[in-house]
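Enquirer:
Numbering (full-length UniProt numbering), first residue to last: 1 to 431.
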């Protein structure tokens, strides 16, 4: 209790800086805007004792989407409250679910903010994603008798070493969870060593493998491909970060020296960067005699060499329209992004050295023969050119990725069972 009080005091001292970071945009990250008081628990009330599911940002929202869809289908009368920390996460919730779920921004881990949030929302169950180990939030849930689950839990070696220094603070938070569903055995072991009750920890696999690609998305992707690059190679750079676009454009210049009709689709991670990336692409296209198109302007020239996908919520469609995927955030030290989406679509994947947020997934796909790791524009260009020149090799890599995803699915079922157990006493009112 004393330790948590000291932790809370430090958070209160840092609060002014935290609010400034939330209220104003920083670099490529969009600001929260007028909804920033929600981070202090001042959220509009929610009726019906919802199931509360917290997913920090875009990646977590994507991972949890199939779970939310199943819950909406199974419990049509159950309100589902989804919280995010970031604006991009909020935008993804809106794009995926519209008015079918309730969105609020998550409270900061302050005693009064978390208590206020719980009083105003009154959830019947709190479901946290991955590494959301917030001491005051969990304490408030226990105090207000809201059962809590940690799903899709992960704890890398690096994270474990960091959390271990604060075990005295993290251990009570972990002990507050009624169930912990870990992605793998190593994750489970780390969580138990940090204080989770071993009898409440199970290994369920990763929800990120339970990817569902709709027939309509595949159809739309193929239609787009026919319109812009029916008979020429297409590679996509997904979720790029500042500092990567120049490297990608350098690589594309080298690729076109061997395959002069190749098309590069660039998808920046953050919408705040769209215009800056567009300016960069326009300059490079003009200098190299290529045509540049922007999706937001509905430009669709079948001879364009660089295509900027500056819209939100269309990643799967764009992947379905491409042959090869490079995953951004990995040529600069951002930790990479989820390679399982392009693998599930059925395409070879490429990744830079900075993939520390997805190390296990990257290693699995590399070992299977789906993913190649590259270090710079030269090695990236060589890998792309090699795959374009050898379609049999590309097809084999694509099949390997699909097999990894298919064989690793099942976390969705395990997670649903855990949630059902906690909702079981409420079933009469939910159906």
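We treat Cβ as the ideally placed atom computed from N, Cα and C, and that holds for glycine.
Note that this is a predicted model, so its numbers are computed, not measured.
1) Taking only runs that begin and end inside the stretch 195-252, name each unbroken alpha helix (DSSP H) of 4 or more residues, in chain order.
2) Here's a check: name, in chain order, each residue in its chain whose Cβ is nearer than 8 Å to the Cβ of residue 175, leaving out the five neighbours to either side.
3) Nearest CA to the CA of residue 333: which residue from 364, 361, 244, 278?
4) From the DSSP output, in three-state form, read off residue 127 for me.
5) What span of residues does the beta strand (DSSP E) with residue 190 cover, start to end?
6) Please name the residue or residues paired with residue 334 in a DSSP beta bridge.
7) Per DSSP, which one or two residues make a beta bridge with residue 84?
8) Helix, strand or coil for residue 64, going by three-state DSSP, please let me know.
9) Going by Cα to Cα distance, which pick from 210, 253, 167 is closest to residue 183?
10) What does the alpha-carbon distance come out to for the pair residue 37 and residue 235?
11) Just checking my contact of residue 101 with residue 82 at CB under 8 Å: how many whole Å lie between their CB atoms?
12) Mind checking whether the beta-carbon of residue 300 lies closer than 7 Å to any heavy atom of the ligand NAD?
13) Please determine, among 79, 311, 14, 384, the residue with the shortest C-alpha to C-alpha distance to residue 256.
14) How many whole angstroms separate the CB atoms of residue 238 and residue 325, which I take to be in contact at a CB cut-off of 8 Å?
15) Based on DSSP bridge pairs, tell me the residues matched to residue 292.
16) Check whether the stretch 50-64 touches the stretch 112-127, taking contact to mean three or more Cβ pairs, one atom from each stretch, closer than 8 Å.
17) Using 8 Å for Cβ pairs, my map puts residue 343 next to residue 365. What's the rounded Cβ distance?
18) Where do the N-terminal and C-terminal ends of the alpha helix (DSSP H) with residue 349 fall, by residue?
19) Okay, do the stretch 351-360 and the stretch 267-277 touch, 3+ Cβ pairs below 8 Å being the bar?
20) Going by CA-CA distance only, name the one from 141, 168, 227, 133 that's closest to residue 119.
21) Taking DSSP as the reference, what is the three-state secondary structure of residue 49?
Expert: On the basis of the data shown:
1) 215-229
2) The answer, listed in chain order, is 195, 196, 197.
3) 244
4) Shown here, residue 127 sits in a strand according to DSSP, grouped into three states.
5) Element bounds for residue 190: not the beta strand (DSSP E) but the alpha helix (DSSP H), 185-193.
6) According to DSSP, residue 334 bridges with nothing at all.
7) 105
8) helix
9) Proximity to residue 183 across 210, 253, 167 peaks at 210, based on C-alpha coordinates.
10) 42 Å
11) Contact flag correct, Cβ pair sits at about 5 Å.
12) The ligand NAD is absent from the structure shown, which contains no ligand whatsoever.
13) A check of alpha carbon separations from residue 256 across 79, 311, 14, 384 identifies 384 as the nearest.
14) Their Cβ separation, rounded to whole angstroms, is 6 Å, which keeps residue 238 and residue 325 in contact under 8 Å.
15) In DSSP, residue 292 forms a bridge with 306.
16) yes
17) 6 Å
18) Counting along the chain, residue 349 falls outside any alpha helix (DSSP H), though it belongs to the beta strand (DSSP E) covering 349-351.
19) no
20) Answer by Cα proximity: 141.
21) coil
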